[in-house]
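Notes follow the structure.
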Amino acid sequence: MMFYIRSHQAEESRLCLEKIPISAQIAFYFFGSGANDMNLRTGTSIKLLALGVILAGVPSPALSDDIYDKCIAKYTDNPSWGQCGGDWVQREDDKLNKAWNALFTTAQGNTKSALLAEQRLWNTFKEGSCKFYDNGDWGREGQVLSFPSCRAEVIAARTKDLEGYSEAINGSR
Numbered sequence: 005m006m007f008y009i010r011s012h013q014a015e016e017s018r019l020c021l022e023k024i025p026i027s028a029q030i031a032f033y034f035f036g037s038g039a040n041d042m043n044l045r046t047g048t049s050i051k052l053l054a055l056g057v058i059l060a061g062v063p064s065p066a067l068s069d070d071i072y073d074k075c076i077a078k079y080t081d082n083p084s085w086g087q088c089g090g091d092w093v094q095r096e097d098d099k100l101n102k103a104w105n106a107l108f109t110t111a112q113g114n115t116k117s118a119l120l121a122e123q124r125l126w127n128t129f130k131e132g133s134c135k136f137y138d139n140g141d142w143g144r145e146g147q148v149l150s151f152p153s154c155r156a157e158v159i160a161a162r163t164k165d166l167e168g169y170s171e172a173i174n175g176s177r
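To convert, count from 1 in the sequence shown and add 4; that's the working numbering.
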């Protein structure tokens with residue numbers, strides 16, 4: 005999911021519409037219109053570092069898949085959006101299971117035992133992740149839009165980790 009904002013392009017010396025990620029928009033909002041011409045004093049550098057650390061840990065809706073985007077665009081009601089989100093989480097879970105099976109069948113010995121223990125702990129984490137969106141404080145949209153988006157991204161991140169483990173194991177043989 006991308007958003008559009010106005011930004012100054014120095015090389016063209018004019019205002020234009022530019023497609024930028026939400027994290028850049030947050031930085032633009034956080035630092036104001038002078039963000040492009042910032043004098044990086046110590047205070048600003050610390051703010052940038054803090055913002056980077058914060059944004060690194062925040063799941064981004066920009067990672068949604070095309071099927072989810074089309075589904076959300078097709079419907080206008082919360083139950084349908086909830087189904088779109090549930091389907092997206094299921095697709096990510098299927099990818100995770102495929103990556104896990106590929107990894108676990110190639111692992112051996114202590115590595116296999118350690119991976120199994122890690123995955124069991126991660127499953128516990130996953131089941132508790134993103135629940136703050138689902139508690140009612142974020143409204144129905146938090147439950148049907150933000151929660152599945154967050155959960156799908158948690159699963160996608162783990163899938164990427166497992167794929168990296170597979171590369172490491174298969175590359176060492």
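Where is the CB? At the ideal position from N, CA and C, for every residue including glycine. What you are looking at is a predicted structure, and each value in this text was computed from that prediction instead of being measured.
| Item | Value |
| --- | --- |
| In whole angstroms, what is the alpha-carbon distance linking TRP92 and TYR72? | 6 Å |
| With TRP126 as the anchor, note down where its alpha helix (DSSP H) starts and where it stops. | 113 to 132 |
| When we look at the beta-carbon of ARG162 and count the other beta-carbons within 10 Å, is it buried (16 or more) or exposed? | buried |
| With the cut-off set at 8 Å, would you say SER117 and VAL158 are in Cβ contact? | no |
| Could you give the C-beta distance for TRP142 and SER153, rounded to a whole number, given that I count them as a contact under 8 Å? | Rounded, the Cβ-Cβ distance is 12 Å, inconsistent with contact. |
| Where does the unbroken alpha helix (DSSP H) through THR110 begin, and where does it stop? | 82 to 110 |
| Since I believe LEU120 is in contact with LEU107 (beta carbons under 8 Å), could you give me their beta-carbon distance rounded to a whole number of angstroms? | Contact flag wrong, Cβ pair sits at about 10 Å. |
| Using a Cβ-Cβ cutoff of less than 6 Å, which residues in the same chain neighbour ASN101 once the five nearest sequence positions on both sides are dropped? | none |
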